[in-house]
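Participant: Chains A and B, in that order, give the protein sequences.
One rule links them: number in the working numbering = place in the first sequence (from 1) + 4.
One rule links them: number in the working numbering = place in the second sequence (from 1) + 11.
Here a beta-carbon is modelled for each residue, glycine too, at the ideal position from N, C-alpha and C.
Only a predicted model underlies this, so the values are computations on that prediction, with no experimental measurement involved.
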Amino acid sequence: MRQQYAVRSLIIVACFVLVGLGVIVQMIRIQNSEAAMIFLLQGDRYAGEFQMFYPERGEIYDRNGHLLAGNRTVYEVGVSLSEMENPDSMSYILGTYLGLTYDEVYKKLTGSPESWEYIVIQDYVGAETVAALQQLLQQLEDADDPRLSGLAFKPHLQRSYPEKDLASNVLGFVTRDGRGYFGIEEKYNDLLAGHPVQIWVPRDPNKASEIPRVPNGTTLVLTLNRDLQAKVETILDQALVDYGAQNGTILVMDPRNGDILAMAATPRMDLNNYGNYFSLYDNGSQYNRAIGMAYEPGSVFKVLTMAAALDVGTVRPETTFIDTGSIQVGGITIQNWNRESWGQQNMVGCLQHSLNVCLAWISSEMGVQSFYSYMERFGLGHATGIDLAGEAIGRLKVPGDGDWYPVDLGTNAFGQGVSVTPLQMLTAVSAIANDGRMVTPHMLYAMLRDGHQYNVPSQYAGSPISAETAHTLNDMLAISLEQESSLALLPGYRLAGKTGTAQIPTDYGYDVSRTNVSFVGWGPVDDPQFMVYIWLQTPTTSIWSSETAAPVFSQVAEQTVIVLNIPPDVVRGQLISK
Amino acid sequence: MQGQATQIIHAYKQAPWRVQRQWIGAFLLIVIGGAMIAALYLDVTARAAVAGREIQELRLEITRIQRENADLETQLADLTSTAAMRQRAAALGYRPVKPGELDYVAVPGFFKPEPDILLAAEDRTPRVETQPTEYTQSLLEWFDERIELGGARVP
Numbered sequence: 005m006r007q008q009y010a011v012r013s014l015i016i017v018a019c020f021v022l023v024g025l026g027v028i029v030q031m032i033r034i035q036n037s038e039a040a041m042i043f044l045l046q047g048d049r050y051a052g053e054f055q056m057f058y059p060e061r062g063e064i065y066d067r068n069g070h071l072l073a074g075n076r077t078v079y080e081v082g083v084s085l086s087e088m089e090n091p092d093s094m095s096y097i098l099g100t101y102l103g104l105t106y107d108e109v110y111k112k113l114t115g116s117p118e119s120w121e122y123i124v125i126q127d128y129v130g131a132e133t134v135a136a137l138q139q140l141l142q143q144l145e146d147a148d149d150p151r152l153s154g155l156a157f158k159p160h161l162q163r164s165y166p167e168k169d170l171a172s173n174v175l176g177f178v179t180r181d182g183r184g185y186f187g188i189e190e191k192y193n194d195l196l197a198g199h200p201v202q203i204w205v206p207r208d209p210n211k212a213s214e215i216p217r218v219p220n221g222t223t224l225v226l227t228l229n230r231d232l233q234a235k236v237e238t239i240l241d242q243a244l245v246d247y248g249a250q251n252g253t254i255l256v257m258d259p260r261n262g263d264i265l266a267m268a269a270t271p272r273m274d275l276n277n278y279g280n281y282f283s284l285y286d287n288g289s290q291y292n293r294a295i296g297m298a299y300e301p302g303s304v305f306k307v308l309t310m311a312a313a314l315d316v317g318t319v320r321p322e323t324t325f326i327d328t329g330s331i332q333v334g335g336i337t338i339q340n341w342n343r344e345s346w347g348q349q350n351m352v353g354c355l356q357h358s359l360n361v362c363l364a365w366i367s368s369e370m371g372v373q374s375f376y377s378y379m380e381r382f383g384l385g386h387a388t389g390i391d392l393a394g395e396a397i398g399r400l401k402v403p404g405d406g407d408w409y410p411v412d413l414g415t416n417a418f419g420q421g422v423s424v425t426p427l428q429m430l431t432a433v434s435a436i437a438n439d440g441r442m443v444t445p446h447m448l449y450a451m452l453r454d455g456h457q458y459n460v461p462s463q464y465a466g467s468p469i470s471a472e473t474a475h476t477l478n479d480m481l482a483i484s485l486e487q488e489s490s491l492a493l494l495p496g497y498r499l500a501g502k503t504g505t506a507q508i509p510t511d512y513g514y515d516v517s518r519t520n521v522s523f524v525g526w527g528p529v530d531d532p533q534f535m536v537y538i539w540l541q542t543p544t545t546s547i548w549s550s551e552t553a554a555p556v557f558s559q560v561a562e563q564t565v566i567v568l569n570i571p572p573d574v575v576r577g578q579l580i581s582k
Numbered sequence: 012m013q014g015q016a017t018q019i020i021h022a023y024k025q026a027p028w029r030v031q032r033q034w035i036g037a038f039l040l041i042v043i044g045g046a047m048i049a050a051l052y053l054d055v056t057a058r059a060a061v062a063g064r065e066i067q068e069l070r071l072e073i074t075r076i077q078r079e080n081a082d083l084e085t086q087l088a089d090l091t092s093t094a095a096m097r098q099r100a101a102a103l104g105y106r107p108v109k110p111g112e113l114d115y116v117a118v119p120g121f122f123k124p125e126p127d128i129l130l131a132a133e134d135r136t137p138r139v140e141t142q143p144t145e146y147t148q149s150l151l152e153w154f155d156e157r158i159e160l161g162g163a164r165v166p
């Protein structure tokens with residue numbers, strides 16, 4: 005009997021062992037089968053997800069810490085389709101709040117593929133709208149009403165410009181795909197945007213991964229002075245109205261270091277509504293005329309010709325020239341702006357009366373080699389290197405070019421047949437206001453990253469003329485301004501400057517009825533702290549710079565000395581002596 | 012007498028019920044040891060899970076606060092924008108100053124301050140360079156570490 009039990013026990017044990025072995029064999033087989041790999045992959049796929057962490061786009065400040073470009077929270081409004089119970093009421097409510105039609109929302113809610121879990125109804129919804137929707141959702145949930153069940157809000161940041169259209173031509177804008185266009189936003193897009201980080205985020209909280217370090221984009225501090233920028237834009241807008249000009253630009257720069265303090269151009273647009281771009285601009289070069297559009301500057305160019313001639317020793321301030329009203333250069337007759345002769349003049353008189361004949365004579369005396377060598381040194385025909393996207397380089401024809409003719413030596417001397425941007429002119433003339441050293445204009449004052457501020461050093465673009473020449477011409481232009489263009493003067497301050505009236509070239513020659521008027525000036529003459537360049541396109545009340553751009557210069561200078569705290573010359577002298 | 016005592020002790024040690032009890036005791040010891048290790052492991056993993064969840068929630072909270080900061084900064088800039096300040100100044104009866112109305116006073120030792128925007132440079136990026144091992148370490152890994160350290164206290 006006992007033996008019989010033993011046999012039975014052995015049989016049962018053997019059965020269990022066999023079953024156990026079978027289970028183990030099956031486990032090994034399944035784990036090493038092809039299907040197992042598929043299951044493993046599926047498991048891995050649902051064990052977590054790749055998430056992209058986008059850094060907050062860096063902000064943009066003016067030099068005094070005023071925010072020019074920041075970020076604000078907007079929402080993506082979506083619906084979790086598996087939780088949605090009533091698409092009819094959902095469509096009606098969302099349509100009402102989001103400004104969509106019932107059909108639009110209903111189509112999205114019911115027309116999506118069955119595999120979809122979630123659908124976006126609208127993105128970039130403002131905080132106020134979302135707050136109202138959240139309140140309604142809460143009320144319905146409290147009342148166990150499922151009409152909005154499944155509604156979800158996902159917040160994210162969107163670029164915002166608190167100053168709206170202020171300095172819009174300088175800042176540029178950021179589209180919804182996060183890319184910067186024009187100006188600072190485009191030039192420094194990589195710095196501002198930062199580097200997105202993609203990581204695998206497991207769903208298993210036991211495997212909570214390390215939080216990725218996603219540094220915010222670099223914050224930029226510009227050389228712009230917000231208050232001065234606002235005042236300059238107001239002056240420009242008013243000038244367009246007062247003088248019937250089509251468009252215009254005003255630049256204010258510190259000649260000592262190239263800091264751009266204000267850069268106004270028209271038209272401007274509210275950067276929060278960048279969709280208006282296409283209705284305001286025909287092409288990208290119009291976005292910022294100060295750097296993007298080259299034009300024939302006219303008589304402001306005479307400053308450079310005179311600087312070159314003084315520096316090379318062709319003339320001195322007291323050199324006399326008998327103006328007969330015309331001169332032959334390259335077989336072509338060149339006349340003065342009023343087609344009259346001005347008799348005996350010294351070089352101050354030539355600038356004061358803006359005599360084309362005199363300046364053409366000067367360039368002819370200098371000779372082709374010397375004249376164009378100086379123009380090259382002034383940076384004409386080359387980009388200034390300003391840190392803004394979309395800079396044009398203009399055109400300086402030189403001997404050897406197919407379209408250069410000997411007469412160009414004469415006409416170039418007074419700003420005809422040469423095209424420059426307002427910024428190129430300002431940069432070239434900075435040599436005269438800055439002891440012969442030409443500055444590289446720049447917008448970036450500092451970068452802020454990881455709690456550190458990196459100041460951007462100023463750069464110089466060479467010394468085309470000597471300091472002595474610069475001082476001499478500085479004084480000549482101050483005298484010239486005092487005697488020629490009284491509308492540009494500012495009581496209490498000695499300023500230097502030059503007007504420029506240029507007929508507009510067409511396919512059929514120069515249009516005498518339309519002009520570009522310009523003015524370049526700076527002050528105080530004994531210690532230049534600001535330079536101003538003005539360009540008004542086709543003014544209609546007067547075609548002359550002395551009657552349009554000159555008074556605008558005076559207004560800009562007046563506001564500049566206030567904003568920059570520059571005392572009148574007498575007071576400044578007293579303060580220095582103390 | 013002494014031989015009898017030895018025999019009794021020997022018989023006691025050889026008693027079948029005692030051998031059986033020793034086996035049961037050893038088995039129970041293994042079971043209890045295993046249960047203790049399992050309980051400890053469960054406790055550690057549960058705490059790691061809770062910590063992991065808290066980390067995720069804190070991360071969301073940091074992101075939310077960052078967004079809120081950016082939002083508030085922009086709102087503040089809206090309220091102090093040039094246009095808004097001009098309007099407020101005009102409403103309070105102020106008007107733009109003219110050059111002749113300004114008085115300049117020499118202040119000995121005063122230098123015109125250079126722009127300084129360091130306030131904005133405050134680093135607001137959340138950083139967790141290394142996560143404490145307590146949040147990710149398994150019990151076995153902890154034992155390994157202890158053995159390697161020779162029982163020294165982990166700082």
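Determine the DSSP secondary structure at F418/A, reduced to helix, strand or coil.
Facilitator: coil
Participant: I want to see whether chain A comes within less than 9 Å of T93/B, judged by CB atoms only; does it?
Facilitator: yes
Participant: Strictly below 7 Å CB to CB, what residues from chain B border T77/A?
Facilitator: Residues of chain B passing the Cβ test: R78, D82.
Participant: Determine which residues of the segment 147–159 of chain A have a Cβ less than 9 Å from any Cβ of chain B, and write them out in chain order.
Facilitator: P159
Participant: From the beta carbon of Y52/B, is the nearest beta carbon of chain A less than 9 Å away?
Facilitator: no
Participant: Please confirm if R498/A has its CB atom under 9 Å from at least one CB of chain B.
Facilitator: no
Participant: Looking at the unbroken beta strand (DSSP E) that takes in G55/A, where does it start and where does it end?
Facilitator: The question names Gly, but residue 55/A is Gln in the sequence shown. Unbroken beta strand (DSSP E) run through Q55/A: 52–57.
Participant: I want to know whether the segment 459–474 of chain A touches the segment 333–340 of chain A - three or more CB-CB distances under 8 Å.
Facilitator: no
Participant: In terms of residues, what are the limits of the alpha helix (DSSP H) holding K306/A?
Facilitator: 306–316
Participant: Taking 9 Å as the threshold (beta carbon to beta carbon), is R32/B in contact with chain A?
Facilitator: no
Participant: Against V565/A, what residues of chain B qualify as contacts under a CB-to-CB distance less than 8 Å, listed in chain order?
Facilitator: Within chain B, the residues near V565/A are P110.
Participant: Answer yes or no: does any C-beta atom of chain A fall closer than 9 Å to that of G63/B?
Facilitator: yes
Participant: Considering only C-alpha positions, which residue in the set L255/A, R183/A, D66/A is nearest to S522/A?
Facilitator: Among L255/A, R183/A, D66/A, the Cα nearest to that of S522/A is on L255/A.
Participant: Taking 9 Å as the threshold (C-beta atoms), are A294/A and A268/A in contact?
Facilitator: yes
Participant: Using alpha carbons as the reference points, say which of S434/A, L568/A, G513/A lies closest to R260/A.
Facilitator: Among S434/A, L568/A, G513/A, the Cα nearest to that of R260/A belongs to S434/A.
Participant: Is there a C-beta anywhere in chain B that falls below 9 Å from the one on V575/A?
Facilitator: Judged by the 9 Å Cβ criterion, V575/A is in contact with chain B.
Participant: Assuming contact is defined by CB atoms lying nearer than 9 Å, are H475/A and D439/A in contact in what I supplied?
Facilitator: yes
Participant: What are the uninterrupted segments assigned as beta strand (DSSP E) that are 3 or more residues long and contained completely in the segment 212–298 of chain A, given in chain order?
Facilitator: 223–226, 251–257, 264–269
Participant: Under the DSSP definition of a beta bridge, which residues are partnered with Y497/A?
Facilitator: L494/A
Participant: Quick one: is R67/A buried, meaning 16 or more other Cβ sit within 10 Å of its Cβ, or exposed?
Facilitator: buried
Participant: Using beta-carbon positions only, say whether T542/A and R518/A come within less than 9 Å of one another.
Facilitator: yes
Participant: What residue does the alpha helix (DSSP H) around A465/A start on, and which one ends it?
Facilitator: First-last for A465/A: undefined, no H or E at that position.
Participant: Measure the CB-CB distance between A234/A and T91/B and report whether it falls below 9 Å.
Facilitator: no
Participant: If the cut is a Cβ gap below 7 Å, which residues of chain B does E562/A touch?
Facilitator: Residues of chain B passing the Cβ test: P110.
Participant: When you compare the CB of R230/A with every CB in chain B, is at least one pair closer than 9 Å?
Facilitator: yes
Participant: Per DSSP, what are the beta-bridge partners of V160/A in this structure?
Facilitator: Inspection of the sequence shows that residue 160/A is occupied by His rather than by Val. Answer is V78/A.
Participant: Provide the residue span of the beta strand (DSSP E) that contains M47/B, from first to last.
Facilitator: No beta strand (DSSP E) holds M47/B; the alpha helix (DSSP H) holding it covers 27–90.
Participant: Quick check on L113/B - is its C-beta less than 9 Å from some C-beta in chain A?
Facilitator: yes
Participant: Would you grab the beta carbon distance between E167/A and V178/A for me? Rounded to a whole angstrom, and I think it's under 8 Å.
Facilitator: Their Cβ separation, rounded to whole angstroms, is 15 Å, which puts E167/A and V178/A out of contact at 8 Å.
Participant: Can you tell me which of the three DSSP states L568/A falls into?
Facilitator: coil
Participant: What does DSSP give as the partner residues of A100/B in its beta bridges?
Facilitator: DSSP lists no beta-bridge partner residue for A100/B.
Participant: Beta carbon of I125/A, beta carbon of L141/A: below 9 Å?
Facilitator: At a Cβ-Cβ threshold of 9 Å, I125/A and L141/A do not count as neighbours.
Participant: Quick check: what's the CA-CA separation for Q13/B versus K24/B?
Facilitator: Their Cα atoms are separated by approximately 17 Å.
Participant: Skipping 5 residues on each side, what residues in its chain have a beta carbon closer than 6 Å to that of L98/A?
Facilitator: Excluding positions up to five away in sequence, the list reads V109, I125.
Participant: DSSP has Q202/A in a bridge; who is on the other side?
Facilitator: M56/A, per the DSSP bridge assignment.
Participant: For P403/A, which three-state DSSP category applies?
Facilitator: It is a strand residue.
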